[in-house]
Amino acid sequence: MDAYAKQLDVLKKSLQYREVKPFAEGPNSNWVDFSGNDFLGLSQHPSLADAAGQAAKEFGTGATGSRLISGTSESILALEKLLADWKGTEAALVLNSGYQGNIAILQGLLSADDWVFWDRLNHASLVDGVRLSGAKWKRYRHLDLAHLQTLLKAAPFNARKWIVTDSLFSMDGDYPDLPKLCDIAEAYGAFVLVDEAHAGGVFGKEKRSGLCEALGVSSRVTLQVGTFSKALGGFGAYVAGPDVLIKTLINTARGFIYSTALPPSVIAAAHQAVTMVWEDSSLCGKLWENVHFCWSLLERELPPGYLPKLQKKAQKTQIIPVYLPGSDLALRVSERLMRQGYMVRAIRPPTVPKGQERLRIAISAKQTRTQIEGLVSALKCAIVETAVAR
Ligand SMILES: *Cc1c(COP(=O)(O)O)cnc(C)c1O
């Protein structure tokens, strides 16, 4: 036990110690939430709650077994059909969570002879999945496709290759030039897996299925992964792509084979959420209005150097990092904002590299203009005062 206690002390001393803290749930919470990923406010939407409640009453609270035993219901199959249509792919498979699903997919598809190329800021679940698969891997610098190309060039010509990337990066709010990434993949015969966890429900004019749709590469990307846990307001995940790969996963992905299927209520909420984002563009309209409003206020009010420099042609997104490098500055500003009622989290190593500590502002359709104005003015004061007091 002593060794564990010591390990915790080390974390505390380096200000990397973390705790779980409760915060009031639901619409009556006192917080203005700028940290959750409920980008469309769907987690509180009555029609999702109704769908979930009804499914629980009708089918019960548990799926009773794994998918290959007793856990495959008509509802799950209907959701998979809907997902494939939404994503424009041959097939789709529901997985139990984004984290667990990515590990399942990568372990299920990769073997020791394969080569994987991944963005160094990829989500932990993609990193862990690649590592556990035993495949050979190379990391490229964040969004640096020239670096990716150099690494591909150096890999064995005949090896099976996968490029694996987030679409919208969860801590930076930026995204790769996917058409160019697909050009490179095609030139080197590599498959592409794109994780749309933060982009599904948010990007895409016609169906809001993600950045692959928005950037016109849905048919060029091999596998699109996503979660129901962010803009879709629920829980669980999916992978969409060619029939042969989905069938392969059903037979090889241990995280799929050896885990109980998601409960009926969760499946029903996900079905309702996908239907709503697909049919109703107004959900997204309010989000984008808030995104542009918040960005323009931040650009006007904050001293230079705190906001990211966007890549050429890149769009501003609903995740806005405000850089406050140094071990405790982001933490202190965050604590101050929390005392004023704004829930904004400090993001620290190991989630982001040392020296890139930041606040992460998450914009949602449920925020009001007044709340956004309040946040920006509180943030401005906090930055000016805390930075001077340093
Ligand atoms: C959040 C996230 C996940 C994990 O999804 P969960 O459903 O929360 O487990 C996976 N990949 C990316 C890119 C994410 O942002």
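Numbering (our numbering), first residue to last: 251 to 640.
Glycine included, every Cβ here is placed at the ideal spot set by N, Cα and C.
When DSSP states are grouped into helix, strand and coil, K307 belongs to the helix group. Pairing Q590 with A564 gives a Cβ-Cβ distance that is not under 7 Å. Closest in C-alpha terms to V541, from the list I570, Q294, L587 and L557, comes I570. Nearest to V414 by alpha-carbon distance, out of L465, N501, G286 and D369, is D369.
Just measuring C-alpha positions, the residue of Q350, K307 and Y254 sitting nearest S509 is Q350. By the Cβ neighbour-count rule, S546 is exposed, with fewer than 16 other Cβ atoms within 10 Å of its own. With contacts defined as CB atoms closer than 7 Å, A596 and F289 fail to qualify as a contacting pair. Contact check for I622 against F506 fails: the beta carbons are separated by 7 Å or more.
Residue range K411 to D416 is occupied by the beta strand (DSSP E) that includes I413. Uninterrupted beta strand (DSSP E) stretches at least 3 residues long and entirely within the segment 540-628 occur at 569-573, 595-597 and 608-612, given in chain order. Taken in chain order, the complete alpha helix (DSSP H) segments of 4 residues or longer contained in the segment 416-440 are 428-438. Nearest Cα to L533 within the set R504, I496 and K616: K616. Taken atom to atom, the span from the alpha-carbon of V494 to that of L359 is near 11 Å. D363 carries a coil assignment under DSSP once its states are collapsed to helix, strand and coil. When the alpha-carbon of R619 is set against those of D394, L552, E340 and L537, the nearest one is in L537. Just so you know, the alpha carbons of L587 and P492 end up roughly 46 Å apart. For H373, the CB falls within less than 6 Å of some heavy atom of ligand 1. Just so you know, the alpha carbons of S469 and I500 end up roughly 22 Å apart. Ligand 1 has a heavy atom closer than 6 Å to the beta-carbon of Y349. Taking Q266 as the centre and dropping the five residues before and after it, the same chain places the C-beta of R598 and P599 closer than 7 Å to its C-beta, in chain order. Between ligand 1 and D288, a heavy atom-to-CB distance of less than 6 Å is absent. Between the segment 445-461 and the segment 413-428, the count of C-beta pairs closer than 8 Å reaches three or more; the two stretches touch. Secondary structure at Y390: strand, using DSSP grouped into helix, strand and coil. Between the alpha carbons of R389 and G451 lies a distance of about 28 Å. Closer than 6 Å to some heavy atom of ligand 1: that describes the Cβ of H448. Scanning its chain for C-beta atoms nearer than 6 Å, with the 5 sequence neighbours on each side dropped, one finds around K386 the residues W365, in chain order.
Residue side-chain check: T339 keeps its Cβ at 6 Å or more from all non-hydrogen atoms of ligand 1.
Put simply, the backbone Cα of G303 is about 46 Å away from that of K256.
A residue is called buried once 16 or more other Cβ atoms fall within 10 Å of its Cβ, and L258, having fewer, is exposed. Cβ neighbours of L261 within its own chain (closer than 6 Å, five residues either side excluded): Y267. Here the alpha carbon of L343 sits roughly 11 Å from the alpha carbon of R317. Around the beta carbon of N408, fewer than 16 other beta carbons lie within 10 angstroms, which makes this residue exposed. The criterion of a C-beta distance shorter than 7 Å is not satisfied by R550 and V572.
Beta-bridge partners of V344 (DSSP): Y488. Going by beta carbons, A487 and A301 fall outside the 7 Å limit. Closer than 6 Å to some heavy atom of ligand 1: that does not describe the Cβ of S614.
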